[in-house]
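Note sheet for the following structure.
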Amino acid sequence: DEIQQDLSKLSSEMSNTMSICVKLIDSVNAFKGNVNDKLDRRHEALMKEVDDLSDKISYMSGRINGGKH
């Protein structure tokens, strides 16, 4: 009977531990998803800035080359 009670307690503790592990993994995955979203938005913003600068350089280059003719 005592062994049965110990097994029952052990089973309950294992179940609780698994539940905590699953919640922790879900939390880590959600955090990683948020970080990846932020990095993607930052990358998009930087690429837009690079594109804008490239357009400005092309414009200025055209102005300089156009002034030489």
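Taking the working numbering, the leading residue of the sequence shown gets 37, the next gets one more, and so forth.
For every residue, glycine included, the Cβ atom is placed at its ideal position computed from N, Cα and C.
- Message: I need the DSSP call for D37, collapsed to helix, strand or coil.
- Response: As a working note, residue 37 is residue 1 in the sequence shown. Three-state result, D37: coil.
- Rounded straight-line distance, which links the Cα of N72 to that of E85: Taking the first residue of the sequence shown as position 1, residue 85 is located at position 49. Taking the first residue of the sequence shown as position 1, residue 72 is located at position 36. Straight-line Cα distance between these residues: approximately 20 Å.
- Query: If you draw a straight line from the C-alpha of E49 to the C-alpha of D88, how long is it?
  - Reply: Taking the sequence shown and counting its residues from 1, one reaches residue 49 at position 13. Taking the sequence shown and counting its residues from 1, one reaches residue 88 at position 52. Each residue's Cα considered, the two are about 58 Å apart.
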